Each structure stands twice: as C-alpha cells, then as structure tokens.
Amino acid sequence: MVKDTQESGPGKVAPQKPYDFLIKIVIGGSDKVGKTSLLNRYVHGQYQDHYVATIGIDFMVKELETKNGDTVKLQAWDLAGQERFRSITSSYYRGARGMLLVYDVTNRESFEIMDHHLNEVQRMAQEDIVIFLIGNKADNNDSRRQVSYEEGKKYADENGVSFLETSARDNINVNEAFEKFVEAVVDQYKKDRANAASSKPHKQQSRSQEKLHGTKSKSKTCVIL
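Residue numbering for the sequence shown follows the UniProt record's numbering, beginning at 1 and increasing consecutively.
Structure representation (structure tokens):
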C-alpha cells in the first residue's frame, strides 16, 4: 500500500521533505475521458460533477511512500485531449518515467483511438517508459458501457502494457491504480540506475585495456539518467 506524505492544493504550504525519487508522469488520452477527475481524486480526494476542459497542460504534485519504504515526489502532468493542443502536449513526454493512457468505457471512440495515443508515446517518450492503460468511468451502473473489461484487457496484453478499470466518480480502483503504477515506475527506475551503475566498471576496465594496449575505442556509450 502507498502511504501519502503530502498533497498539493491551493493555499497549502508544506515544508520540503527529502525524497528518494523525483518522478515525472504524464496522463493522456482523448478529451472528456476523466483524466483530470482521476488526478483530482487521487491527489486531493475530490470529485467534481461538472466538466471543465483542461487548457493545454495541468500540473499536480503528490508526495508518497511506497510499500517498500521509498519516498516519492510525483510530478503529474495532465495533458489536454483536444487535437488543437497536440503539438504542445506531445513535448511533455520527454523525461517522463510513466504514462497513464485513459479512455472512457462509455465512449467507444476514445478506446478506438488508443492506437494513435500509444504510437505517439512510443515515438516521443523514452524507450523504457512504464505505460498503464486505464478504462475510466467504470461506475457501478454499467448500462452505458461500450467497451467491456475483457476487450480492454486484451488490447493491453497485445500491446504489452498493464491494465485497470477505474471510476473517479465512485472512487473505484483509483488509489489502487496509482499505487500499482507508481510502484512499477519506481521498480523500472531502480533497474535503470542499477544497469547504469553496472556499466561503469566495464567502461573503466575497457579504458584501462586501451591504455595498456595503446588502442582507442571506436565507439562511445552515453547513459542518460
């Protein structure tokens, strides 16, 4: 279980606390799928019935502690879903460690356009980004559902991403989704750091051998953290 250590919000000034990981995540998908509602529910524990479109970019911060005791400062970038903001929002993929791709289970079009969103992430983001597919608005009343759980899960499995359904309105699976997502991002972050650290002795050994034999390497490896 992830433990909250701080929530961002208007008028709240909290002392800076040390953290183990500073992680940037991005929430994307079509407009009106509930991206901002999910984030508000998770960060502030709030839900608003009336729809207010995100203009360009929204930004929230949450500090939390994972079940493994890691303290995380989460920077969440909420991207507008409207086409006219696409050129602006796509630039925010850079440096992101995790991506939540959200669709509305009561709006089939928002699901069918997932190929476009996924291709954009794979094209713009770093190769090891953690991606979760979220079917939102899976409320207790399923009468308006247009995309089944099985269909969403199948799509996620075929594309090698994790999958969960949520309801920001009824507060179903929201915390669970973010907990699993953050822990997956932290795990991948740790793997990247371990791989980078393990490559350094190899590089130093290679340089020593070059000096010993009077040779120079023809190629260089750059590790970006």
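Heads up, the beta-carbon is just placed ideally off N, CA and C, and yes, glycines get one too. Predicted model only: the values in this text are computed from it and were never measured.
| field | Simplified DSSP assignment, three categories, for A125 | value | coil
| When you compare each of F59, L118 and V72 to K190 by their alpha carbons, which one comes out closest? | V72
| message | Just to confirm the assignment, what range does the beta strand (DSSP E) spanning A76 have? | response | T71 to L79
| Going by beta carbon distance, what residues of the same chain come within less than 8 Å of I23, once the five residues before and after it are set aside? | V72, K73, L74, Q75, R97, G98, V182, V185, V186 and Y189
| said: With H, G and I counted as helix, E and B as strand and the rest as coil, what does DSSP make of S162? | reply: strand
| task | Give the straight-line distance between the Cα atoms of N40 and N195, rounded to the nearest whole angstrom. | result | 35 Å
| said: In the DSSP output, which residue or residues are listed as bridge partners for K24? | reply: Q75
| query | Since Y42 is in the alpha helix (DSSP H), which residue starts that stretch and which ends it? | reply | K35 to H44
| request: Only counting runs of 3 or more residues, tell me where the beta strand (DSSP E) segments fall wholly within the segment 90 to 139, in order along the chain. | output: 98 to 104 and 130 to 136
| request: Using three-state DSSP, classify V147 as helix, strand or coil. | output: coil
| said: Counting C-beta neighbours from all protein chains within 10 Å, is the total for D157 16 or more, i.e. buried, or is it exposed? | reply: exposed
| task | Just mark F132 as buried or exposed, buried being the case when its beta carbon has 16 or more other beta carbons within 10 Å. | result | buried
| Exposed unless 16 or more other CB atoms sit within 10 angstroms - verdict on S199 | exposed
| task | Quick one: grab the DSSP three-state call for K62. | result | strand
| task | Under the assumption that E165 contacts A138 (Cβ atoms under 8 Å), give the Cβ distance between them as a whole number of angstroms. | result | 4 Å
| query | Is R123 close to chain C, meaning its C-beta is less than 9 Å from at least one C-beta of that chain? | reply | In the displayed structure, chain C is absent; only one protein chain is listed.
| query | Under the rule that 16 or more other beta-carbon atoms within 10 Å means buried, what is S143, buried or exposed? | reply | exposed
| task | Compare the beta carbon distance of L101 and M114 with 9 Å and say whether it is the shorter of the two. | result | yes
| query | For K67 versus E179, is the C-beta distance shorter than 9 Å? | reply | yes
| field | Nearest residue (CA-CA) to D128, options R94, G69 and Y103 | value | R94
| field | Of the residues G29, L64 and G160, the one placed nearest I57, counting alpha carbons only | value | G29
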